[in-house]
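J.: The following block contains the structure, expressed as structure tokens.
Numbering (this note's numbering), first residue to last: 55 to 353.
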């Protein structure tokens, strides 16, 4: 534990960039789909063989053929998206120090600036030092042209930046469109839930926020560093639900997990109640807000 009156240094993003998961194709799912189409083709040819007139049989074969072509097209699309994602991850994995971040950012800037994945990666790299620039990058993305899952990644990350900068109403607009059901990654889904829960809690939907924090517990080890975001969402949710004691518990847990995440609660314009809770939580873990705290943006 740090000595009283001294705050720990903000957690560096280098470890997170080093441990980024490589996007992979789900071969088991692909195998199941292939087997299903094999069964469809066998069934179609059996029907054609038993059809005396032959017309209905050929109709069935035509339908199965159209479905197969559509599935192949979708498979090529997913493969290309996965390959592009791997390229982005390879670039981000270099960002383990300041020079690496600069090098990664330069490589991304040489790519297609209108590409949603590229823009999302650039925003991740600049968010810690220049959150306003990160928000501008994300705001300029044309979500209508981005893949569905990438759309939600953009909404969640931009929403979190809005929340960290006192723009709860703007974050709420993004949270309303977030689709947790189409995100297969547990940690990313928990991040969506944290952003949505906090946005809901701060804009009058405490019941919806409560459902989310109950579904995605902050102490689940599978969520890793996203647990701190869920604790932050718990603070706002419990306050909105008039459960001050639980809010203080969540604030204390957040101080233990990452004291620097309490920085926004100590800023100007924050409700005095939240400021007092943050100071009390810091004191409970042997810390005191006597120096500037930097916040590590989490993506």
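No residue lacks a Cβ here, since even glycine has one placed at the ideal position from N, Cα and C.
(1) Please return the same chain residues whose Cβ sits closer than 6 Å to the Cβ of residue 189, not counting the five positions on each side in sequence.
(2) Comparing the CB of residue 232 with every heavy atom of the ligand ADP, is any distance shorter than 7 Å?
(3) Taking its Cβ as the centre, do 16 or more other Cβ atoms sit within 10 Å of residue 270, making it buried, or is it exposed?
(4) Rounded to whole angstroms, how far is the Cβ of residue 209 from the Cβ of residue 174, which I believe are closer than 8 Å?
(5) Under 8 Å, do residue 146 and residue 118 count as touching if we go by C-beta distance?
(6) Among 275, 257, 248, which residue has its Cα nearest to the Cα of residue 265?
(7) Determine the contact status of residue 251 and residue 309, defining contact as a CB-CB distance below 8 Å.
(8) Does DSSP put residue 145 in a helix, a strand or coil?
(9) Do residue 306 and residue 335 have their beta-carbon atoms positioned less than 8 Å apart in this structure?
(10) Please classify residue 89: does DSSP put it in a helix, a strand, or coil?
(11) Return the Cβ separation of residue 293 and residue 244 in integer angstroms, given the expectation that the two are a contact with Cβ distance under 8 Å.
(12) Could you pull the start and end residues of the alpha helix (DSSP H) that residue 245 belongs to?
(13) Along the chain, where does the alpha helix (DSSP H) that runs through residue 267 open and close?
(14) Just to confirm my understanding: we take residue 98, look at its own chain, exclude 5 residues before and 5 after, and list those with CB closer than 7 Å. What are they?
(15) Can you tell which of 234, 196, 153, 217 has its C-alpha closest to the C-alpha of residue 16?
(16) What number of angstroms, rounded off, separates the C-alpha of residue 121 from the C-alpha of residue 207?
(17) Go ahead and pull the three-state DSSP assignment for residue 295.
(18) Quick one: is residue 96 buried, meaning 16 or more other Cβ sit within 10 Å of its Cβ, or exposed?
(19) Which of helix, strand or coil does DSSP assign to residue 236?
(20) So, for residue 323: in the same chain, excluding its five sequence neighbours on each side, which residues have a beta-carbon less than 8 Å away from its beta-carbon?
(21) Tell whether a beta-carbon distance below 8 Å holds between residue 241 and residue 268.
(22) Along the alpha helix (DSSP H) that carries residue 217, what are the first and last residues, could you check?
T.: Answer, in terms of the structure:
(1) If you ignore the 5 residues before and after residue 189, its C-beta comes within less than 6 Å of the C-beta of 215, all in its own chain and listed in chain order.
(2) In the structure on display, the ligand ADP does not appear, and there are no ligands present to speak of.
(3) buried
(4) So it is not a contact: roughly 11 Å between Cβ atoms.
(5) no
(6) Comparing C-alpha distances from residue 265 to each of 275, 257, 248 shows the shortest one belongs to 248.
(7) No, the pair does not count as a contact, with Cβ atoms beyond the cut-off.
(8) Residue 145 falls in the helix class under three-state DSSP.
(9) Yes, the Cβ-Cβ distance between residue 335 and residue 306 is below 8 Å.
(10) Residue state for residue 89 is assigned as helix, using DSSP reduced to three classes.
(11) Actually they do not touch by this definition, with Cβ atoms about 21 Å apart.
(12) 240-255
(13) 260-269
(14) 114, 115, 118
(15) Residue 16 lies beyond the stretch modelled for the chain, which goes from 55 to 353, so this question has no answer here.
(16) 30 Å
(17) coil
(18) Exposed.
(19) helix
(20) 220
(21) no
(22) 202-218
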